[in-house]
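Each residue of the sequence shown is one higher than the one before, counting from 717 in this note's numbering. Down below is the structure, laid out as structure tokens.
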Amino acid sequence: MKVHFLGTAAYEGIPSLFCQCSTCHQARERGGRNIRTRTSVMIDEVLKVDFPPDTLYHSLKYGIDMNNVQDLLITHSHSDHLYAEDMGIRAKGYAQFGNKPLHVYGHEIPLQRCQQALNGLSHNYNFHRVDPFKSIKTQTATIVPLLADHDPNETCLLYYIDKEGTTILYGNDSGWFPEQTWNWLKDKQLDLVILECTTGYSSNRNNHMNVEAVLETKTWMVDNNVLKLGAQVVVTHFSHNAGLLHEDLTEIFTPAGIQVAYDGLVIQL
717 MKVHFLGTAA
727 YEGIPSLFCQ
737 CSTCHQARER
747 GGRNIRTRTS
757 VMIDEVLKVD
767 FPPDTLYHSL
777 KYGIDMNNVQ
787 DLLITHSHSD
797 HLYAEDMGIR
807 AKGYAQFGNK
817 PLHVYGHEIP
827 LQRCQQALNG
837 LSHNYNFHRV
847 DPFKSIKTQT
857 ATIVPLLADH
867 DPNETCLLYY
877 IDKEGTTILY
887 GNDSGWFPEQ
897 TWNWLKDKQL
907 DLVILECTTG
917 YSSNRNNHMN
927 VEAVLETKTW
937 MVDNNVLKLG
947 AQVVVTHFSH
957 NAGLLHEDLT
967 EIFTPAGIQV
977 AYDGLVIQL
């Protein structure tokens with residue numbers, strides 16, 4: 717399985733568009749892995765998680781044919797994870813495409829945003845409402861939506877993804893997981909865990925994880941035998957407001973056996 721990290725930043729991107737903070741200034745100077753676009757992951761070119769406003773850029777930079785994508789999983793409706801307006805670009809009159817539908821999975825509010833953006837357009841999307849902890853067989857994998865701790869105004873989701881026996885936990889956006897999610901994970905075996913560290917060394921672990929919460933999550937997974945032998949843990953979704961460059965993040969997480977994602981990272985499972 718190929719897991720391709722297309723973007724690894726939080727809402728603002730790094731460097732942020734208007735920001736003159738030290739982190740953004742250094743990111744502009746250093747470039748490379750310090751340049752981060754909004755978060756999304758692609759699996760085997762056929763399953764995509766989230767649809768950020770940088771999707772066009774990702775397709776151009778990495779040579780992605782978006783018509784190969786069969787399943788699109790949406791975690792929540794925030795614009796850095798769902799830029800619904802761009803979904804209209806696939807509608808008739810804006811694009812010429814084949815007969816295969818693109819299947820979109822999400823909870824109520826993200827699906828409403830998609831349908832509002834497509835109002836009056838002739839398109840070939842199939843929308844599927846998902847509910848937490850209920851397994852669904854998609855075109856490319858078996859998924860189980862899990863509850864996140866993120867926005868109290870909507871049901872935000874994480875995803876357990878099982879593709880031909882290889883298992884992934886897609887764990888952002890979320891602070892410390894809700895108890896129901898921890899309980900569901902206890903008897904699972906994971907090949908790859910993707911977590912987030914938006915807030916850096918902040919003491920806050922609600923809505924987003926901080927460094928301490930990421931480290932504690934890996935410890936919990938080791939203690940509960942959730943990680944398969946050789947499983948990888950990767951951290952992504954970074955904010956410039958955390959004040960941490962890529963080099964700082966690797967210094968923090970590498971000793972704990974956690975890999976720091978960067979735009980373009982490919983992991984083969």
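Each residue gets a CB set at the ideal place from its N, CA and C atoms; glycine is no exception.
Whose C-beta lies closer than 6 Å to the C-beta of VAL950 among residues of the same chain, with five residues either side of it excluded? Same-chain partners within the cutoff: ILE910, GLN975, ALA977.
To which residues does DSSP link TYR886 through a beta bridge? Paired residues: TYR875, ILE910.
Backbone secondary structure at SER919 - three-state DSSP: Coil.
Any idea what DSSP makes of LYS816, helix, strand or coil? Judged by DSSP in its simplified three-state form, LYS816 adopts coil rather than helix or strand.
Could you say which of LEU960, GLU761, ASN941, LEU722 lies nearest to GLN855 if we only look at CA atoms? Considering only alpha carbons, the answer is GLU761.
What are the start and end residues of the beta strand (DSSP E) that includes PRO861? Where PRO861 is concerned, the enclosing beta strand (DSSP E) stretches over 858-863.
Pick helix, strand or coil for HIS956, following the three-state DSSP scheme. Secondary structure at HIS956: helix, using DSSP grouped into helix, strand and coil.
Quick test of your reading: GLY729 and ARG752, contact by CB under 8 Å. State the CB separation rounded to the nearest angstrom. In this structure, GLY729 and ARG752 form a Cβ contact; the two beta carbons are roughly 6 Å apart against a cut-off of 8 Å.
Distance, LEU863 Cα to ILE877 Cα: If you take the alpha carbons of ILE877 and LEU863, they lie about 14 Å apart.
In three-state terms, what does DSSP make of MET758? In the structure shown, MET758 sits in a strand (DSSP, three-state: E or B).
What did DSSP end up calling ILE825 once you bin it into helix, strand or coil? In this structure, ILE825 counts as helix in the three-state DSSP scheme.
Could you pull the start and end residues of the beta strand (DSSP E) that VAL982 belongs to? Element bounds for VAL982: 982-984.
What are the residues that DSSP puts in a beta bridge with GLN975? Here GLN975 is bridged, per DSSP, to VAL950.
Measuring CB to CB, does GLN742 end up less than 7 Å from LEU908? The Cβ-Cβ distance between GLN742 and LEU908 does not fall below 7 Å.
Got a sec, what are the start and stop residues for the beta strand (DSSP E) MET842 sits in? Here residue 842 turns out to be Asn, not Met, going by the sequence shown. Element bounds for ASN842: 841-845.
Compare the beta carbon distance of MET717 and THR915 with 7 Å and say whether it is the shorter of the two. No Cβ-Cβ contact shorter than 7 Å links MET717 with THR915.
Nearest-angstrom Cα distance between TYR886 and ASN835? Going by the C-alpha atoms only, they are around 30 Å apart.
Selected residue, minimal CA-CA separation from ASP781, among ARG806, HIS792, HIS797, HIS844: Ranked by Cα distance from ASP781, the first of ARG806, HIS792, HIS797, HIS844 is ARG806.
Assuming contact is defined by CB atoms lying nearer than 7 Å, are VAL820 and PHE849 in contact in what I supplied? It is not a contact, given that the beta carbons lie outside the stated cut-off.
Which value, in whole angstroms, describes the spacing of the CA atoms of ASP889 and TYR799? Cα-Cα distance, rounded: 16 Å.
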